[in-house]
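Numbering (the numbering used here), first residue to last: 59 to 238.
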Amino acid sequence: MAKVLIPLVDGFEEVEAVTSIDLLRRAGVKVVTAGVGTTNPVGSHGIAVEADVPLEEAARAQYDAIVLPGGPGTPKLRESEILTGMLQDYAGRGKLIAAICAAPSVLADLGLLAGRRATCFPAVEEKMTGATLSHEPVVVDGSFITSRGAGTAVPFALKVAEHLVGAETANKVSHSIVYT
């Protein structure tokens, strides 16, 4: 069974996080949510969630992918030395890293998107140093998947599922929610 880490900070974008968690679990992926700086992060629209574990504990395990939701709390992802170390390690090993909305800017800031195609929320495009920007809803380049924002959360999560468990399973999930 594929296993994914989704770090959550205060100010995360609820639609992006919960859509990714839900659709990946529907696809049979084990999703671990990890609180960064808190075990009860509150989203950008006041929706509180309880993370499965603190990031410090989550970092002791291995995952097939890391999925970063965006939102105004995104800078807190970049401030976490544990998370940035994991991202650099996973990128170096070619493991899947997916980021939506403002979160691709964290990857760009770490130099992980240099020379790669990527997309992000329009307001953070200037922070995408080194990336070749696209305005497609979801962009795949090697082991990186990026997406534009809350409105693209479903195709983003389905693309992550496709990479982890295959197109057939992702299509079943898509049909089960009447997306396609």
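Heads up, the beta-carbon is just placed ideally off N, CA and C, and yes, glycines get one too.
As the structure is a computational prediction, the values presented were derived from the model and not from experiment.
For T204, the enclosing beta strand (DSSP E) covers residues 202-205. Judged by their CB atoms, E74 and C178 are not nearer to each other than the 8 Å cut-off.
Counting every other CB atom within 10 Å of its CB across the protein chains shown gives S232 a total of 16 or more, marking it as buried. V223 has no beta-bridge partner at all, per DSSP.
Spanning the alpha carbons of L81 and V89 requires a straight line of approximately 10 Å.
Under the DSSP assignment, T97 falls outside any beta strand (DSSP E); it carries neither an H nor an E label. With a cutoff of 8 Å on beta-carbon distance, A166 and M144 are scored as not near each other. For the pair L154 and S201, the CB atoms are nearer than the 8 Å cut-off. For I235, there is no enclosing alpha helix (DSSP H), since its DSSP letter is neither H nor E. As a beta-bridge residue in DSSP terms, D199 pairs with F202.
Cβ-Cβ distances below 7 Å link L135 to P65, V67, V94, L126, L141, A161, V164 in the same chain, with the five nearest sequence neighbours on each side left out; the list follows chain order. Close CB contacts of L113 within its chain, under the 7 Å cut and outside five residues either way in sequence, are with P65, A92, G93, V94, S138, I140, L141 (chain order).
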